[in-house]
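Colleague: Numbering (the numbering used here), first residue to last: 121 to 305. Glycine included, each C-beta is placed from N, C-alpha and C at the ideal position. Before anything else, here's the structure in question.
Have a look at this one:
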């Protein structure tokens, strides 16, 4: 959705209304499903692009508008088992290079934005921060770095295990059971 200074532009709303196109405020949807309304690496791969789970959340929000528009019968709910099967099939179809390619493109973007200069300022300083760093690297398929960050989180505070279990449940819901298993190991 187009925004200028945080406001939806009139043109966007008019176009959506004219074409009967579902319109959602993706940033607001993601924030509403984030701790304290502040999305982080659990919902964004970087500061702009949603994670797989973030995209799934946006898609579900858009799809929820279909019955009211007459695009689906009200009783045409998508059973969770079918959703899980579809998510699994889609993620499997992406192939093993998908996350590695994303990690490579993200590294290029961060280098372009001169992010390495700010790296020292963004090093976590608490257990939850190290856990979120681990989640980010796990989302990018970098299990070794994720494992190190998670080890640091658990050394700082064993209570972070609840945060880890919650993230593993979220990955399972996204049909990323391999990531959940890695995280719990």
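Please list, in chain order, all residues of the same chain as residue 250 whose beta carbon is under 6 Å from its beta carbon, the five residues on each side excluded.
Modeller: Same-chain partners within the cutoff: 244, 269, 272, 273.
Colleague: Let's test the definition: count the other Cβ atoms within 10 Å of the Cβ of residue 141 and tell me whether it reaches 16, buried, or not, exposed.
Modeller: Exposed, because fewer than 16 other Cβ atoms sit within 10 Å of the Cβ of residue 141.
Colleague: If you reduce the DSSP assignment to three classes, tell me which class residue 124 lands in.
Modeller: Its pLDDT being 42, under 50, residue 124 is placed unreliably by the model, and the measurement read from it follows with that caveat. Three-state result, residue 124: strand.
Colleague: What does the Cβ neighbour count give for residue 256, buried or exposed, with the cut at 16 atoms within 10 Å?
Modeller: So residue 256 ends up on the buried side.
Colleague: So is residue 286 buried or exposed if we call it buried at 16+ other beta carbons inside 10 Å?
Modeller: Counting Cβ neighbours within 10 Å, residue 286 comes out exposed, since fewer than 16 surround it.
Colleague: Below 8 Å between beta carbons: does that hold for residue 157 and residue 252?
Modeller: Contact: no.
Colleague: Is residue 294 near residue 172, with beta carbons less than 8 Å apart?
Modeller: Yes. Within cutoff.
Colleague: So, with DSSP's three-state summary, where would you put residue 155?
Modeller: Three-state result, residue 155: helix.
Colleague: My guess is that residue 261 and residue 220 are in contact by the Cβ rule of under 8 Å, so how many angstroms apart are they, rounded?
Modeller: Between residue 220 and residue 261 the Cβ distance is about 6 Å, and since that is below 8 Å, they are a contact.
Colleague: Comparing alpha-carbon positions, which option in 297, 303, 296, 134 lies nearest residue 283?
Modeller: Looking at the Cα atoms, 303 is the closest of the given residues.
Colleague: Which runs of the alpha helix (DSSP H), 4 residues or longer, sit entirely within the region 154 to 188?
Modeller: With a minimum length of 4 residues, the continuous alpha helix (DSSP H) runs that stay inside the region 154 to 188 are 172 to 183.
Colleague: So residue 170 and residue 178 are supposed to be a Cβ contact under 8 Å. How far apart are they, rounded?
Modeller: Contact flag correct, Cβ pair sits at about 7 Å.
Colleague: Are residue 280 and residue 227 closer than 8 Å when you measure CB to CB?
Modeller: Going by C-beta atoms, residue 280 is not nearer than 8 Å to residue 227.
Colleague: State the Cα-Cα distance for the pair residue 149 and residue 162, rounded to the nearest angstrom.
Modeller: C-alpha separation (whole angstroms): 14 Å.
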